[in-house]
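Step one of this worksheet: look at the structure below.
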Amino acid sequence: MNQMKYIEPAVMFITMIVYVAIAVLIGIVAGTTVGLFLKSLNFLSGKTGALPVPYKMLLLPVGGLLNGLLLYKMKPGAPSAIAAVHSEGEPPFDRSFPVKYLAALITLVSGGSAGKFGPSAHFAGSLAAWIGKIFHIQPFLRAQLIVCGISAAFASLFGAPVAAAVFGLEVLAIGSIRHQFLFPSAVSGIAAFEVNKRLLHTPYEYFMIHAMPSFSVLLLLKVAALGMICGLAGWLFVESIEQGGRLFSVVREKLHLPPFLMPCVGGMLIAAALFIFPADFLGLSLPLLDKAMHGGHVGFFAFLWKILFVAVTLGSGFYGGTFTPQLVIGSAAGNAFAALLGINPVLGAAAGMLAVVSAASNTPVSAVLLGYELYGHVTGMYILAACIAGYLIIGHRSVYRDQLVYDPKSFWVQLEPGVELRKESIRLSSGTANQTGRFHLPW
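Heads up: the sequence shown is residues 59 to 501, going by the working numbering.
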């Protein structure tokens, strides 16, 4: 150890050089792939989004059928990027990711209500694992490369490389951040962002919140309350996705339908819903988000309808992500409840959007950083309050069921450390309540 302390800085310097070389390569490759996916999506969505509603209704079951044929007939089975990071031994490279690339495009272009980040993280993570295999990087280090891919995808899509650097780490587990991944993750995210901004000219939207009042404790408490409300909206979103999947499985078994037909059934249901609801809830629903973020009236129940559309889309078997829906649901819920709490609707939409991300993804640090990058520092303390409140109120639920849990969010909750959320058995701590049913404090 005495000799090592003199050479350790040199070892770490060489480590940083290696990290930079590999992370930049991953950022360029993954960032370009995700950027081209985004360009294709924007172009095609512009075409289908301009169609009259009857044509949109026809597209939905067709898109569902194509999704089913791609996903179930070609069987592109592979773990999620999060599960790949946690896998023991060599992280798998999904050779069929082009199939999912196409399936995600079909989902969103045909009107399926889903997100773009989940598929993009899968593409980027698969490419990162492939790069690791080409360069014969040791299997236990390839997990870091997949995290680099996740960060590159996030930065490419949302133009927020600082939040991306942390999101790739934070989304892996509740109660634990693997800091050794931070440097390559940051480098990869920055490289991907620069590729998209300077070479692909990917447009990014940042929001300015004008006329922010001076700091007020009362307003801080109101925004924290809004964060709890939006955290509960995140809980409802998670629950709806899970129950939607179970419901479609029951229907398939009862009617003896082949799995590849279920997305088509989901598409028919969404098409039928367009007799009642506007087309605002189809696809990414970015116009709805923009309206909420500019203080427009989006409808008090808009966030509930978006949850319903996403639950039917993903529950029936369409391929898509859940992150962008969190942004839309949160902004709509924040915009709606801000009026009841006497909060500026723009601040409410911003706080609500990030509170849902913090809650449903269990990523409060990333959500706060995303707030700084999207809105600037003027909202800092309010965004922090909303994100923490949302993160705590949802408990141990997540749209990413491959997340591991290391530390509970409450001293009254007991769980098994290092277990995936999908397998976790969460219970009250022994001795939490006495015979009268009253809760004991931890001291």
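Every residue, glycine too, gets a C-beta built ideally from N, C-alpha and C.
These figures come from a predicted structure and were not determined experimentally.
How should residue i be labelled, buried or exposed, when 16 other C-beta atoms within 10 angstroms of its C-beta is the threshold for buried?
| i | result |
| --- | --- |
| P422 | buried |
| P67 | exposed |
| Q202 | buried |
| H180 | buried |
| I72 | exposed |
| N125 | buried |
| F193 | exposed |
| Y377 | buried |
| M115 | buried |
| A534 | This structure leaves residue 534 out entirely; the chain is present only between 59 and 501. |
| G476 | exposed |
| V253 | buried |
| I140 | buried |
| L427 | buried |
| S1 | Shown here, the chain extends from 59 to 501; a query on residue 1 therefore has no answer. |
| I401 | buried |
| F531 | A question about residue 531 goes unanswered here, because the residues of the chain that appear run from 59 up to 501. |
| Q493 | Only weak support exists for where Q493 lies, its pLDDT of 48 falling under 50; the coordinates are left without a value. |
| Q176 | Looking at the sequence shown, residue 176 is not Gln but Gly. So G176 ends up on the buried side. |
| L486 | exposed |
Rounded to the nearest angstrom, what separates residue i and residue j at their Cα positions?
| i | j | result |
| --- | --- | --- |
| V275 | A443 | 11 Å |
| T380 | F318 | 21 Å |
| A162 | I65 | 49 Å |
| A330 | G354 | 27 Å |
| L315 | F273 | 58 Å |
| M266 | K312 | 51 Å |
| L340 | M326 | 13 Å |
| G85 | F333 | 44 Å |
| R200 | Q61 | 30 Å |
| F225 | Y449 | 14 Å |
| Y159 | A447 | 35 Å |
| A502 | S103 | Residue 502 is absent from the structure shown; the chain starts at 59 and stops at 501. |
| L129 | L398 | 44 Å |
| Y111 | P119 | The sequence given here places Val at residue 111; Tyr does not occur at that position. V111 and P119: Cα-Cα distance of roughly 14 Å. |
| Y113 | A79 | 48 Å |
| R236 | P336 | 43 Å |
| G392 | P403 | 7 Å |
| K467 | I451 | 9 Å |
| A244 | L227 | 10 Å |
| P261 | H454 | 35 Å |
| T106 | T382 | 19 Å |
| L257 | L94 | 11 Å |
| V349 | V69 | Per the sequence shown, residue 349 should be read as Lys rather than Val. Approximately 51 Å between the Cα atoms of the pair. |
| A142 | I204 | 8 Å |
| A390 | L123 | 30 Å |
| W470 | L278 | 27 Å |
| F155 | C445 | 33 Å |
| I484 | L405 | 34 Å |
| F198 | A218 | 28 Å |
| P271 | V356 | 24 Å |
| T108 | L117 | A quick correction: the sequence has Ala, not Thr, at residue 108. About 13 Å. |
| L346 | G324 | 22 Å |
| K255 | R310 | 45 Å |
| N100 | Y77 | 33 Å |
| T90 | K97 | 10 Å |
| M74 | L385 | 34 Å |
| D338 | L83 | 38 Å |
Just to check my reading of the structure: residue i and residue j have Cβ atoms closer than 8 Å, yes? What is that Cβ distance to the nearest angstrom?
| i | j | result |
| --- | --- | --- |
| A182 | L284 | 33 Å between Cβ atoms; not a contact. |
| A407 | M351 | 5 Å |
| S298 | I365 | 5 Å |
| Y464 | A231 | 6 Å |
| G302 | V370 | 6 Å |
| G373 | L305 | 6 Å |
| L432 | Y264 | 6 Å |
| H144 | L462 | 6 Å |
| T165 | G121 | 6 Å |
| S178 | V92 | 5 Å |
Quick one: does residue i have its CB under 9 Å from some CB of chain C?
| i | result |
| --- | --- |
| Y64 | Here chain C cannot be found, since the structure has a single protein chain. |
Contact the segment 357 to 368 vs the segment 289 to 301: 3+ CB pairs below 8 Å:
Three or more Cβ pairs drawn from the segment 357 to 368 and the segment 289 to 301 lie within less than 8 Å of each other, which places the two stretches in contact.
Three-pair Cβ contact test at 8 Å for the segment 202 to 213 versus the segment 243 to 257
Enough Cβ pairs lie closer than 8 Å, so yes.
Write down every uninterrupted run of the alpha helix (DSSP H) in the segment 236 to 291 whose length is 4 residues or greater and which is fully enclosed by it, in chain order.
Correct list: 240 to 252.
Do three or more CB pairs link the segment 455 to 468 to the segment 410 to 429 at distances below 8 Å?
Yes, they touch.
Is the segment 184 to 194 in contact with the segment 164 to 176, if contact means three or more CB pairs nearer than 8 Å?
No, they do not touch.
Curious, which full-length alpha helix (DSSP H) runs of at least 4 residues does the segment 149 to 191 contain?
Taking 4 residues as the shortest admissible run, the segment 149 to 191 contains the following complete alpha helix (DSSP H) segments, listed from N- to C-terminal end: 155 to 167.
Continuous alpha helix (DSSP H) assignments of at least 4 residues falling wholly in the segment 74 to 127
Complete alpha helix (DSSP H) runs here, min 4: 111 to 126.
Every unbroken beta strand (DSSP E) within the segment 356 to 442, with a cutoff of 3 residues, ordered by chain:
Counting only runs of 3+ residues, no beta strand (DSSP E) is found wholly inside the segment 356 to 442.
Which residue spans inside the segment 288 to 352 form an unbroken alpha helix (DSSP H) run of at least 4?
Counting only runs that start and end inside the segment 288 to 352, the alpha helix (DSSP H) elements of at least 4 residues fall at 320 to 331, 344 to 351.
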